[in-house]
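Numbering (our numbering), first residue to last: 1407 to 1943. The C-beta atom is built at its ideal place from N, Cα and C for all residues, glycine as well. Only one structure is covered here, and it is reproduced in the block below.
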């Protein structure tokens, strides 16, 4: 039956806000948890607030989507333009524009093709930054003392690596246990690489000379943690040479491009890390034999050369003949040279002694005495002149000091007089302000006392009313709360009186519970017969 205009006019009216809120509740109740598959469209990165706004579309429709800041920070897969994803969240409405939207809580690529596309985009981005350049890669140490392994402690990978190292060349191994798939695994792997690099040289925990990041085989989704940007950057920034051993030989991850060496399997990584000990022993033994043969041949060659040189050398008598002849000539000429040297020194001594006569010494002493006398007179004259100058200078300074002292004293007296006048003025103003403040406070106290007296219940008691309390001192407001034989206390304006209830209240005389405290008090007082005192009224 169609509704008439009169019946439509009787329908309930909604405001726009009420109608939007009702639609919001309806949509959220009906679609509280949904999974939507679609292509990301209109994504331009996170907003300045940290939230992400974009749309999900397919061939026939499009729906607005939003990812809040906190959820976006915890996401393993970040949204990218054109990526086909499966979004999990809830539907809601935005009253500001009357549109419905999906609030996304998690995102995962839709199938292997989407993962490969995402991996290719990330590979191009990191490659453009130079993280995969061959010039950045380091050489592996030939025989590392300590090897650090980043892998799961419960899988077969670590046992394979340890077994292969024990077979080839036993080395000390430090294992950093991490998750190799699932939420949080990428952060743990990156933290392990950074942690090994942060170990100090010569610390309690030795710093590894080589790192192995290993995991067994699996699907692309299982190996995705090793494609995360945080793991690839950690591998590229590692100052310790790093071997990537993720999956089988056909599995390719982005960490393989950033690592210094890629191993097809974890076992192959252990083979790359250390040489074969038995082969080294054989090679060293061969080097030892070759070195001994070379040394023997060199010794024989030097022995032959020494014999040939010995035959070519002249006899000792021939080598010493000329030096012996020179020594004989020098020993023959030595007595004559000593006599000539002694005569020369005697002649020089005689010449020097002839110049040191008594007359010469007296003349030198007389000259020195005269110079000393002249210097003493000049010193006395200069000291007297300096003393007069200092005395005149001090006299002038004394006159200036007295004048400045008088001027300073007069200035201080003037300043003290000005400060005294200012202090008197401030004191008078303070006395007036204090008197005014005291008067105001007294008026406020008087008004508050009057207000307190007007609002106090003791004023009501002074008008003839009474207040009934139970044995705990709580005020009673209804007769129904008093039992037979109850000990009561009645407060009057001039004191307290203790009473006891002697009977139950009859239904006929019962009063409503909302009766005033004054009426209840009067009724209870009429029924009470004190034991040790007369009637109250």
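Query	Result
Residue burial classification, residue 1608 (beta-carbon count within 10 angstroms, cutoff 16)	exposed
Integer-rounded CB distance, given that residue 1678 should sit under 8 Å from residue 1658	That pair is no contact at about 18 Å.
Buried versus exposed, by CB contacts within 10 Å (16 or more), residue 1566	buried
Whole-Å CB distance - residue 1472 paired with residue 1457, under 8 Å assumed	6 Å
Neighbourhood of residue 1788 by C-beta distance below 8 Å, restricted to the same chain and skipping five residues each side	none
Residues near residue 1434 in its chain [Cβ-Cβ closer than 6 Å; skip 5 each side]	1498
Rounded straight-line distance, which links the Cα of residue 1702 to that of residue 1594	59 Å
Continuous beta strand (DSSP E) stretch holding residue 1445: start and end	1440-1447
Inter-residue spacing [alpha-carbon to alpha-carbon] between residue 1748 and residue 1718	49 Å
Alpha-carbon spacing of residue 1496 relative to residue 1430, whole angstroms	12 Å
Unbroken beta strand (DSSP E) run spanning residue 1495, endpoints	1490-1500
Within 9 Å, strictly: CB atoms of residue 1900 and residue 1888	no
Rounded separation between residue 1908 and residue 1870 - CA only	24 Å
Segment contact flag, the stretch 1627-1642 with the stretch 1536-1548, C-beta cutoff 8 Å, min 3 pairs	yes
Assigned exposure category for residue 1844 - 16 Cβ within 10 Å defines buried	exposed
contact_flag[the stretch 1555-1563, the stretch 1680-1690] where n(CB pairs < 8 Å) is 3 or more	no
Nearest residue (CA-CA) to residue 1349, options 1454, 1465, 1490 and 1464	Not covered by the structure: residue 1349. The range shown for the chain is 1407 to 1943.
Reduced DSSP secondary structure (H/G/I, E/B, other) of residue 1938	Residue placement at residue 1938 is poorly supported in this model, since its pLDDT is 46, which falls under 50; the coordinates are not used for a value here.
Start-to-end residues for the beta strand (DSSP E) that takes in residue 1578	1578-1583
Whether residue 1563 touches residue 1493 by CB criterion (9 Å)	no
Nearest neighbour of residue 1545, chosen from 1512, 1491, 1683 and 1647 [CA to CA]	1647
Contact under 9 Å by Cβ, residue 1612 with residue 1551	yes
Anticipated Cβ contact below 8 Å, residue 1652 with residue 1617, distance rounded	Not a contact, Cβ separation roughly 13 Å.
Close-in-space but distant-in-sequence residues of the same chain around residue 1683 (CB under 7 Å, 5 per side omitted)	1574 and 1575
Cβ-based neighbour list, residue 1937, same chain, cut-off 8 Å, excluding 5 preceding and 5 following	Interpretation of residue 1937 is limited by its pLDDT of 43, a score under 50 that renders its predicted location unreliable; the figure taken from the coordinates is listed afterwards. Only 1906 meet the Cβ criterion.
Inter-residue spacing [alpha-carbon to alpha-carbon] between residue 1696 and residue 1722	41 Å
Cα-Cα separation, residue 1880 to residue 1839	47 Å
Residue 1557 - containing beta strand (DSSP E), residue span	1552-1557
Residue 1934, buried or exposed, once every other Cβ within 10 Å from all chains shown has been counted against 16	Summary for residue 1934: the model assigns pLDDT 41, below 50, so the residue's position carries little reliability, and this model does not support an answer.
Contact belief for residue 1898 with residue 1860 at Cβ below 8 Å, rounded distance in angstroms	Incorrect: roughly 20 Å between the Cβ atoms, too far for contact.
Paired residues, beta bridge with residue 1514 - DSSP	1492
For residue 1789, the first and last residue of its enclosing beta strand (DSSP E)	Unbroken run through residue 1789 is the alpha helix (DSSP H), 1764-1861; no beta strand (DSSP E).
Backbone secondary structure at residue 1650 - three-state DSSP	strand
Element boundaries [alpha helix (DSSP H), containing residue 1473]	No alpha helix (DSSP H) holds residue 1473; the beta strand (DSSP E) holding it covers 1468-1473.
Rounded straight-line distance, which links the Cα of residue 1848 to that of residue 1863	24 Å
Beta-carbon contacts of residue 1516 that lie in its chain and below 7 Å, excluding the five residues immediately before and after	1443, 1490, 1491 and 1492
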